[in-house]
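Student: Every letter in the first sequence is one number past the one before it in full-length UniProt numbering, and letter 27, counting from 1, is 27.
Glycine residues also receive a C-beta, built at the ideal position from the N, C-alpha and C atoms.
It should be emphasised that the depicted structure is a prediction, and the values quoted were computed from it without experimental measurement.
I am attaching a structure below and will ask some questions about it afterwards.
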Amino acid sequence: MDYQFKDIEKKWQQFWADNHTFKAENKTNKPKYYVLDMFPYPSGAGLHVGHPLGYIASDIFARYKRLKGFNVLHPMGYDSFGLPAEQYAIQTGQHPSVTTEDNIATYRRQLDQIGFSFDWSREVRTSNAGYYKWTQWIFMQLFNSWYNKEADKAISIAELVAHFESKGSTGINAVCDEEILSFTADEWKAFTEQEQQAELLKYRLTYLRESTVNWCAALGTVLANDEVKDGFSERGGYPVEQKKMMQWSMRITAYAQRLLQGLDTIDWPEPLKEMQRNWIGKSVGASVRFPIASPKSSPKERTSEESAATSLSFGEGRGEANYIEVFTTRVDTIFGVTFVVLAPEHELVASLTTPEQKTAVEEYIAKTKKKSELDRMADTKTVSGAFTGSYVLNPLNGEKIQLWIADYVLAGYGTGAVMAVPSGDQRDYLFAKHFDLPIVPIIDIQNIETEADPTKEGTYINSDFMNGLDYKAGTAAVIAKLEEVGAGKAKVNFRMRDAIFGRQRYWGEPVPVYFKDGLPYLIEESELPLILPEIDKYLPTETGEPPLARAAGWKYTSLSSGEGRGEATYEYELSTMPGWAGSSWYWYRYMDAQNDAEFASEEAIEYWKAVDLYIGGSEHATGHLLYSRFWNKFLKDIGKTPEEEPFKKLINQGMIQGRSNFVYRLIDEEGKGTNTFVSHGLIKEHNTSPIHVDVNIVENDVLNLNKFKEWRPDFADAEFILENGKYVCGVEIEKMSKRYYNVVNPDDLAQRYGADTLRMYEMFLGPLEQSKPWNTNGIEGVFKFLRKFWRLFHDADWNFTVSSAEPNKAELKSLHKIIQKVEQDIERFSFNTSVSSFMIAVNELTDLKCNKRAILHNMVIILEPYAPHICEELWVMLGEQAGTLSYAAYPTFNPAYLVEDEFSYPISFNGKMKTNVSLSLSLSNDEIEAAIRSHADVLKYLDGKAPKKVIVVKGRIVNIVV
RNA sequence: GCUCAGAUGGUGGAACUGGUAGACACGCAGGACUUAAAAUCCUGUUCCCGUAAACGGAGUGCGGGUUCGAUUCCCGCUCUGAGUACCA
């Protein structure tokens with residue numbers, strides 16, 4: 001029979017499902033290997049052709065590893081909480097779980113038809129209570145933990161309480177809020193419960209704080225920074241404003257240093273690591289305090305050194321600070337400081353503005369406020385600012401320095417204040433020039449005539465005790481001096497902020513927290529999961545509360561002691577968890593997906609440990625991949641997981657772009673569109689306008705005229721001006737999108753060519769990591785290849801005919817060449833080249849008319865990861881037992897079959913290849929040179945001239961220099 | 001602006017540590033089979049000159065360099081894509 005992919009694929013997909021062929025065991029003697037895909041959000045649009053790219057690659061790898069004798073964990077699931085389902089619910093009133101359910105069914109059908117070897121018994125859905133129970137549980141652990149800088153890890157909050165009870169607040173070095181109290185053990189014990197809880201909240205790894213959030217009125221929700229693009233929501237493009245709101249936050253900054261260091265230990269693409277490094281944004285420098293020239297009051301009592309510094313610089317509006325604190329990475333330039341600049345939002349601005357300057361400052365602040373985020377960003381050239389009228393003192397020489405405000409200083413970074421060194425910083429330079437402030441050179445070789453010179457070369461001048469020192473010595477000296485006079489110290493600053501952990505939405509995990517006297521308390525672990533309640537409408541309440549406020553009777557009845565069960569009721573937290581909650585730990589759930597007692601059993605985690613290979617898009621670089629690393633480190637700190645990094649190796653598949661096709665409508669003399677369409681090659685001769693045409697009715701850029709007429713009613717009687725009898729379409733590469741009619745759905749291709757062809761073609765398209773436009777131009781070639789492979793097993797009349805004769809040298813050579821090549825290719829994730837190699841091998845075997853079992857048996861195994869259905873079918877036809885192919889032994893490469901005794905040396909003259917000479921590989925270099933020098937062809941090219949030099953690389957090349 | 005990635009025939013791409021540039025596939029052209037078409041098979045296909053051919057020259061975004069030899073390494077530039085946005 002001819003190659004009937006439809007029957008074959010259906011049959012084997014059913015077989016795999018019925019026999020649980022890809023079920024992974026949690027314990028075997030085999031070595032383990034964990035291959036993970038980024039699980040999809042099941043959107044209404046279904047999978048498009050770009051989705052499976054990474055899934056196919058990981059499936060090939062998973063199947064390959066199985067053949068190589070590994071116990072492979074290769075699961076799939078759904079990130080099923082999210083905005084689109086909720087938006088749809090708002091519009092239609094349909095419960096998001098219903099649409100989610102439908103969408104998942106579509107995804108599952110689409111995934112199944114591609115023949116993935118997922119272990120579906122481990123499927124997870126983040127919106128299932130059985131799953132989010134553990135997301136809530138992890139939240140509770142975070143709530144019950146604080147970060148101890150001494151131990152450099154998260155520690156139970158109970159230990160902190162024990163310390164407070166015995167030693168008070170001294171000796172605690174924690175990552176915590178800026179405003180913490182300083183107290184003795186007795187004072188702590190004297191605190192009310194409320195006071196104690198309020199204090200503890202400042203230490204917890206997840207905590208409430210009033211943050212300025214990106215509030216999107218149209219979506220009725222708060223957005224994460226990475227969900228906001230240029231002041232508009234990434235999804236929907238609605239305007240976003242800044243709003244203050246009590247928000248759950250995650251103290252990810254506690255892990256900044258570890259997140260940064262960990263990058264050096266994992267095998268990830270360099271650009272991705274770079275993105276995370278930039279996001280974390282470590283800068284090493286110093287904090288320096290500039291005393292205010294005429295302090296208005298005496299220093300406030302300090303709570304602790306650490307907190308005083310920051311609290312005073314931000315001041316919380318008290319306006320009683322006696323110095324300005326700045327952060328700088330060039331503390332060595334401190335003698336070049338000629339003014340200090342505050343962000344307009346800085347808390348001390350009001351109190352430090354003198355009456356004379358009040359109008360100017362207020363006008364400037366008003367002007368800044370009016371500017372949108374977008375304007376402020378785009379307008380980096382214009383210099384603007386206002387003098388406060390106040391002065392600060394240089395802490396090292398007492399010089400009086402003007403204090404300005406300007407919007408080039410950002411409130412959200414460092415301390416919201418900078419020491420301006422116009423000789424070394426271009427922004428400060430422009431500012432100084434514009435407002436006519438002094439510019440003092442501080443390095444001997446500095447050239448500051450037209451712009452700032454940020455050099456670190458040379459030695460210092462105009463710098464007091466630093467004069468004559470170089471950068472390294474100078475920096476050390478300054479820091480020592482600042483510490484000595486108590487005006488500053490070395491400091492590391494991170495750009496990364498704590499992550500907001502909440503959204504004012506319905507379709508997410510409820511936060512397992514209730515409020516008592518305005519403070520959050522966890523519910524009992526035994527009360528998990530806290531089920532998402534039913535509500536009547538998926539919108540905020542009239543009073544602006546999140547949708548969960550609509551849930552009737554949704555109140556917490558405390559089980560805890562002293563309350564009297566069933567008596568006291570409390571309000572639950574009304575916001576839900578953000579999109580990244582469920583995806584920040586899901587790889588552990590796959591290890592033990594049905595476990596009711598734990599998020600995964602200790603044994604399962606100990607066995608699978610971490611993900612060995614993770615494939616997904618780079619768009620998750622600073623979101624999912626950073627949060628996951630954070631939660632993973634936390635889970636390790638509390639002893640639940642063994643590995644510091646969750647994803648050992650990561651590959652980014654490239655984005656698949658759309659390839660749009662155009663037809664060209666002829667425009668008549670009046671400028672109106674006609675019903676005549678001009679082929680692309682002829683448009684220069686006509687007046688035309690381009691129209692997007694559905695790529696599914698175009699093949700190799702040639703329009704199917706009949707399908708075009710059927711496509712839209714108004715084209716039913718279209719006429720065409722053809723070239724060479726064809727209508728050729730124009731082409732452009734754009735985003736894959738419905739409105740460009742360039743979306744290619746894998747279903748159509750799977751129907752037309754089969755899953756095996758689709759799988760191989762997606763790989764054949766090019767290197768996995770490269771972005772590329774989708775086009776189906778080459779898919780025929782892959783289909784023909786599979787048919788040719790099928791034909792190796794059949795005679796001219798499609799009868800299955802395989803010989804048991806011993807293979808000859810040429811056949812064995814072909815086989816072992818492909819064994820070696822495919823192994824090398826898979827190990828370096830070069831799937832496109834292995835497809836080519838398969839084609840070469842099958843071409844060779846076809847030429848050799850090879851139908852020998854000994855060869856074909858092995859070919860079936862090697863090809864199985866790429867085209868599993870056809871291979872399963874042939875495997876059974878070869879007399880093997882159904883279902884055993886996936887776990888067959890991978891053929892062993894034997895280099896002996898590739899050994900050659902002759903090599904056809906390319907002979908080049910001055911590096912230009914001219915001819916070939918075949919010589920025995922047993923010859924020494926000298927013998928080769930002698931043979932070449934006297935060879936007739938070579939002599940012909942030399943034309944009587946003597947070669948200056950002959951370079952012989954054995955088994956590679958001979959180069960003759962003339 | 002900064003950071004990263006990339007640029008090879010008509011097209012997708014190959015060339016793995018510097019060693020025959022263009023594998024494999026698409027498309028195109030010609031041929032076989034066929035009443036014809038589809039399917040299939042065969043041949044050719046980087047460009048230029050010349051030509052049935054042999055042969056000659058150029059050639060991996062551009063300009064330099066290192067080397068016996070560079071798509072590969074180094075320096076400078078152009079363009080494309082992605083990320084980032086006054087980060088002190």
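Would residue 647 and residue 614 qualify as a contact pair, given that the criterion is a beta-carbon distance under 8 Å?
Tutor: For residue 647 and residue 614, yes; Cβs fall inside 8 Å.
Student: Can you grab the Cα-Cα spacing for the pair residue 744 / residue 774, in whole Å?
Tutor: Spanning the two alpha carbons is a distance of roughly 8 Å.
Student: Take residue 246 as the anchor and find which of 393, 115, 752 and 518 has the nearest alpha-carbon.
Tutor: Looking at the Cα atoms, 518 is the closest of the given residues.
Student: In this structure, does DSSP put residue 286 in helix, strand or coil?
Tutor: If DSSP states are grouped into helix, strand and coil, residue 286 belongs with the strands.
Student: Is the segment 742-757 close to the segment 671-689, with three or more CB pairs under 8 Å?
Tutor: No: the two stretches stay apart, fewer than three of their Cβ pairs being nearer than 8 Å.
Student: Might you give, ordered along the chain, the residues of its own chain that have their beta carbon closer than 6 Å to the beta carbon of residue 135, omitting 5 neighbours on each side?
Tutor: Same-chain partners within the cutoff: 509, 581 and 582.
Student: What residue does the beta strand (DSSP E) around residue 665 start on, and which one ends it?
Tutor: Where residue 665 is concerned, the enclosing beta strand (DSSP E) stretches over 656-667.
Student: In chain order, which continuous runs of the beta strand (DSSP E) of length 3 or greater are located wholly inside the segment 796-829?
Tutor: Qualifying beta strand (DSSP E) stretches: none in this window.
Student: Do the CB positions of residue 206 and residue 501 come within less than 8 Å of each other?
Tutor: Yes.
Student: Rounded to the nearest angstrom, what separates residue 530 and residue 17 at their Cα positions?
Tutor: Each residue's Cα considered, the two are about 34 Å apart.
Student: Can you give the beta carbon distance from residue 907 to residue 917, rounded, assuming they're within the 8 Å contact cut?
Tutor: About 6 Å; that satisfies the 8 Å criterion.
Student: Where residue 688 and residue 664 are concerned, what is the direct C-alpha to C-alpha distance, given to the nearest angstrom?
Tutor: If you take the alpha carbons of residue 688 and residue 664, they lie about 6 Å apart.
Student: Tell me which same chain residues have a C-beta within less than 7 Å of the C-beta of residue 788, skipping the five on either side of it?
Tutor: These residues qualify, in order along the chain: 842 and 846.
Student: Which residue wins for smallest C-alpha separation from residue 533, given the options 554, 444 and 524?
Tutor: That would be 554, whose Cα lies nearest to the Cα of residue 533.
Student: Where does residue 253 land, buried or exposed, given buried means 16+ other C-beta within 10 angstroms?
Tutor: Label assigned to residue 253: buried.
Student: When you compare only the Cα positions, how much space is there between residue 657 and residue 53?
Tutor: Computed Cα separation, rounded: 12 Å.
Student: Should residue 869 be labelled buried (16 or more other beta-carbon atoms within 10 Å of its own) or exposed?
Tutor: With 16 or more Cβ atoms within 10 Å of its Cβ, residue 869 is classed as buried.
Student: For residue 865, which residues in the same chain have their Cβ closer than 6 Å to its Cβ, ignoring the five residues on either side in sequence?
Tutor: Within the same chain, residue 865 has close Cβ partners 60, 63 and 64.
Student: Comparing alpha-carbon positions, which option in 8, 5, 33 and 46 lies nearest residue 737?
Tutor: Among 8, 5, 33 and 46, the Cα nearest to that of residue 737 is on 46.
Student: Apply the 10 Å Cβ neighbour rule to residue 828 and answer buried if 16 or more other Cβ atoms are within range, or exposed otherwise.
Tutor: When all chains shown are included, residue 828 counts as exposed.
Student: Quick one: grab the DSSP three-state call for residue 616.
Tutor: Strand.
Student: Between residue 702 and residue 238, what straight-line distance do the alpha-carbon atoms span, to the nearest angstrom?
Tutor: Answer to the nearest angstrom: the Cα atoms are 40 Å apart.
Student: Does the separation of the CB atoms of residue 618 and residue 272 fall below 8 Å?
Tutor: It is a contact, given that the beta carbons lie within the stated cut-off.
Student: Below 8 Å on the Cβ atoms is my contact criterion, and I expect residue 338 with residue 440 to pass it. Report the Cβ-Cβ distance as a whole number of Å.
Tutor: That pair is a contact at about 6 Å.
Student: Between 324, 503 and 155, which lies nearest to residue 547 when the distance is taken from Cα to Cα?
Tutor: Ranking 324, 503 and 155 by Cα distance to residue 547 puts 503 first.
Student: Which residues mark the beginning and the end of the beta strand (DSSP E) in which residue 417 is found?
Tutor: It spans 417-420 - the beta strand (DSSP E) in which residue 417 sits, taken as one unbroken run.
Student: Let me check understanding here. Comparing Cα to Cα, which of 83, 110 and 161 lies closest to residue 127?
Tutor: It is 83.
Student: At which residues does the alpha helix (DSSP H) containing residue 130 begin and terminate?
Tutor: Start and end: 129-143.
Student: Pull up the distance between the alpha-carbon of residue 38 and that of residue 616, whole angstroms please.
Tutor: Spanning the two alpha carbons is a distance of roughly 5 Å.
Student: Between which two residues does the alpha helix (DSSP H) carrying residue 753 extend?
Tutor: It spans 746-753 - the alpha helix (DSSP H) in which residue 753 sits, taken as one unbroken run.
Student: Classify residue 589 as buried or exposed, calling it buried when 16 or more other Cβ atoms lie within 10 Å of its own Cβ.
Tutor: Answer is buried; the Cβ neighbour count reaches 16.
Student: Quick check on residue 692: does DSSP put it in helix, strand or coil?
Tutor: Three-state DSSP puts residue 692 in a strand.
Student: Measure the C-alpha to C-alpha separation of residue 14 and residue 681 and round it to an integer number of angstroms.
Tutor: Answer to the nearest angstrom: the Cα atoms are 48 Å apart.
Student: Going by C-alpha to C-alpha distance, which of 939, 933, 905 and 604 sits closest to residue 956?
Tutor: Answer by Cα proximity: 905.
Student: Is it true that the CB of residue 389 sits closer than 8 Å to the CB of residue 356?
Tutor: Result yes, Cβ atoms of residue 356 and residue 389 sit closer than 8 Å.
Student: Between the alpha carbons of residue 539 and residue 90, how many angstroms are there, rounded?
Tutor: Cα to Cα, residue 539 sits roughly 7 Å from residue 90.
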